[in-house]
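Enquirer: Each residue of the sequence shown is one higher than the last, beginning at 166 in our numbering.
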Amino acid sequence: MKLLSSGIKDIEEAAEALKAGKLAAFPTETVYGLGGDAFNPLALAKIFEVKQRPRFDPLIIHIASIEGLAPLVDFSQIDNTVREKLDALIDAFWPGPLTFVLPKKPEVPDLATSGLPTAAVRFPDHPVAQELIRLSTGAIAAPSANPFGYLSPTRAEHVASQLGDRVDYIIDGGPVRVGVESTVLDMSGVDVRMLRPGGLDRERIEACIGPVLLRTAAGHLPQSPGLLKSHYAPRTPLELYDHEDMMTLKNHPGEAYVFFDRQSSEYWLSKQPEHPAPLIYTLSPDGSLSAAAANLFSLLHTLDQSSLKAIHVERVPETGLGLAINDRLYKARAQAKSFEAE
Ligand code: AMP
Ligand code: MG
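What follows is the structure, encoded as structure tokens:
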């Protein structure tokens, strides 16, 4: 693996590698992605292999301009009303943390879409990602740069420690801004459906196009692992609590307590005996959901490497980005449960 800077020469080197079918991890505003040429089935196969990602889990294809949609999407199959909404969302939120699932052109390899007739596409809001995509093939499939099911990487070091030599290049662009994956909207049918909450909140989407449906009726759509119960998980047992229940916890040595804000942590601390000193963390001292999202995976990475017996986490308010944060925490908890059962 070669660690690259985000300087132009290094981005050019990674772009050449992508054109040659190699993989490069790169920063986006949401999390670090593991990129490969979306039109090269060998590169796509390598992505699945490196991540140990099941083939039924389709990839998001990253583009660097709105024109980049044309080679991927069959616009003739999009419902007229949905098309108007798509245009409005693109105008309002691209580039940004919003992915569209749209009818695909036949040229898009089945491996990128897991054989589905639709492709997921996103225009990331990050200068390094955009430059890399533009200089390579214009369409880069990139799931998060972590082993399947594990915590998403929000820093280059997370990629290096998790994937190491299984990836050809890592571009270091520093810590990401958003910290949770993109919101996924299915716009391939007559209704707009949110398949995964993420970096763009539902309220802002609905202010733009009106109500969207949530997720999917059971059996309605193919398995969509963003919807799997366990994902985005640390190895350490993680438990999730409402504010009230969190406040009743007693401090145990070797266990970490993660609060939403300083108000919660200080109140809880005031109820603990002085010794032993608890391991306390806050996602956002001043209660900002965007700061909490940006800190989430990084904090969980650090705690997961601290040989703790357990991580106790307070749920965040369920508004705005809180929906995506609680979704990731819920999945982290379910996965931790499955590790315990092993
Ligand atoms: P990521 O692991 O961040 O690359 O997320 C990719 C997720 O996007 C998948 O796990 C699915 O939940 C969703 N997705 C991608 N492509 C499709 C598609 N064609 N249909 C439905 N969901 C999709
Ligand atoms: Mg992922």
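Beta carbons: idealized from backbone N, C-alpha and C, even for Gly.
These numbers were taken from a predicted model, which means no experiment stands behind them.
Let's test the definition: count the other Cβ atoms within 10 Å of the Cβ of R220 and tell me whether it reaches 16, buried, or not, exposed.
Expert: Position 55 of the sequence shown, counted from the start, is the residue given in the question as residue 220. Classification of R220: exposed, given that the 10 Å Cβ count is below 16.
Enquirer: If you follow the alpha helix (DSSP H) that K184 is part of, which residue opens it and which one closes it?
Expert: The residue you call residue 184 lines up with position 19 of the sequence shown. Taken as a continuous stretch (DSSP letters only), the alpha helix (DSSP H) holding K184 covers 173–184.
Enquirer: State yes or no: is the C-beta of I225 nearer than 7 angstroms to some heavy atom of the ligand AMP?
Expert: Position 60 of the sequence shown, counted from the first residue, corresponds to residue 225. Under cutoff, so the answer is yes.
Enquirer: Can you check the region 406–464 for any beta strand (DSSP E) of at least 3 residues that lies completely inside it and give the ranges in chain order?
Expert: Fully enclosed beta strand (DSSP E) runs of 3 or longer: 420–424, 444–447.
Enquirer: Closest to V423 by CA distance: which of A310, V377, T283, T467 is it?
Expert: Position 258 of the sequence shown, counting from 1, holds the residue named residue 423. It is T467.
Enquirer: First and last residue of the beta strand (DSSP E) that includes D202?
Expert: Looking up residue 202 in the sequence shown gives position 37. Where D202 is concerned, the enclosing beta strand (DSSP E) stretches over 198–202.
Enquirer: Looking at V286 and I228, is the spacing between their C-beta atoms short of 8 angstroms?
Expert: Here residue 228 corresponds to residue number 63 of the sequence shown, with the count starting at 1. Here residue 286 corresponds to residue number 121 of the sequence shown, with the count starting at 1. Yes, the pair counts as a contact, with Cβ atoms nearer than the cut-off.
Enquirer: Enumerate in chain order the residues of its own chain whose CB-to-CB distance from L473 is below 7 angstroms, with the five nearest sequence positions on each side excluded.
Expert: The residue given as residue 473 occupies position 308 in the sequence shown. Here the set comprises T401, G419, E420, A421.
Enquirer: Am I right that I226 and L237 are in contact with their C-beta atoms under 8 angstroms? What's the rounded C-beta distance?
Expert: On the sequence shown, position 61 is the one that residue 226 refers to. On the sequence shown, position 72 is the one that residue 237 refers to. Indeed, because the Cβ distance is near 6 angstroms, the residues count as touching under 8 angstroms.
Enquirer: How about S279: is its Cβ closer than 7 angstroms to a heavy atom in the ligand MG?
Expert: Sequence index remark: in the sequence shown, residue 279 carries index 114 (1-based). Checking every heavy atom of the ligand MG against the Cβ of S279, none is found closer than 7 angstroms.
Enquirer: Between the alpha carbons of L251 and A284, how many angstroms are there, rounded?
Expert: One-based indexing of the sequence shown puts residue 251 at position 86. One-based indexing of the sequence shown puts residue 284 at position 119. Distance between the alpha carbons of L251 and A284: 14 angstroms.
Enquirer: Buried or exposed, going by whether 16 or more other CB atoms sit within 10 Å of the CB of K211?
Expert: On the sequence shown, residue 211 is found 46 positions in, with the first residue counted as 1. Answer is buried; the Cβ neighbour count reaches 16.
Enquirer: Roughly how far, in whole angstroms, is the beta-carbon of F258 from the beta-carbon of L365, given that I think they are within contact range, below 8 angstroms?
Expert: As a first step, residue 258 must be located in the sequence shown, where it is residue number 93. As a first step, residue 365 must be located in the sequence shown, where it is residue number 200. The Cβ separation is near 6 angstroms, so the contact holds.
Enquirer: Under the criterion of a Cβ to heavy atom distance below 7 angstroms, does E346 qualify as lining the ligand GTP?
Expert: Questions concerning the ligand GTP fall outside what the structure shown contains, since the ligands it does hold are the ligand AMP and the ligand MG.
Enquirer: Please report the distance separating the alpha-carbon of I445 from that of N245.
Expert: The count along the sequence shown starts at 1 and reaches residue 445 at position 280. The count along the sequence shown starts at 1 and reaches residue 245 at position 80. Cα to Cα, the separation comes out at about 52 angstroms.
Enquirer: Is there at least one non-hydrogen atom of the ligand AMP closer than 7 angstroms to the beta-carbon of D351?
Expert: On the sequence shown, residue 351 is found 186 positions in, with the first residue counted as 1. Checking the Cβ of D351 against the ligand AMP gives yes.
Enquirer: V266: beta carbon under 7 angstroms from a heavy atom of the ligand AMP?
Expert: For the purposes of this step, residue 266 is taken as the residue at position 101 of the sequence shown. V266 Cβ: within cutoff of the ligand AMP.
Enquirer: Anyone know if the C-beta pair for M412 and I243 falls short of 8 angstroms?
Expert: On the sequence shown, residue 412 is found 247 positions in, with the first residue counted as 1. On the sequence shown, residue 243 is found 78 positions in, with the first residue counted as 1. Result no, Cβ atoms of M412 and I243 do not sit closer than 8 angstroms.
Enquirer: Could you tell me whether the region 195–212 touches the region 310–324, using the rule of 3 or more Cβ pairs below 8 angstroms?
Expert: Cβ pair count under 8 angstroms is three or more, so yes.
Enquirer: Using only the alpha-carbon positions, how far apart do I335 and G329 sit?
Expert: Within the sequence shown, residue 335 is the residue found at index 170, counting from 1. Within the sequence shown, residue 329 is the residue found at index 164, counting from 1. Going by the C-alpha atoms only, they are around 9 angstroms apart.
Enquirer: DSSP three-state call for G384: helix, strand or coil?
Expert: Looking up residue 384 in the sequence shown gives position 219. The predicted model places G384 with a pLDDT of 39, which falls under 50 and marks its position as unreliable; any figure quoted below should be read in that light. Note: G384 maps to coil in three-state DSSP.
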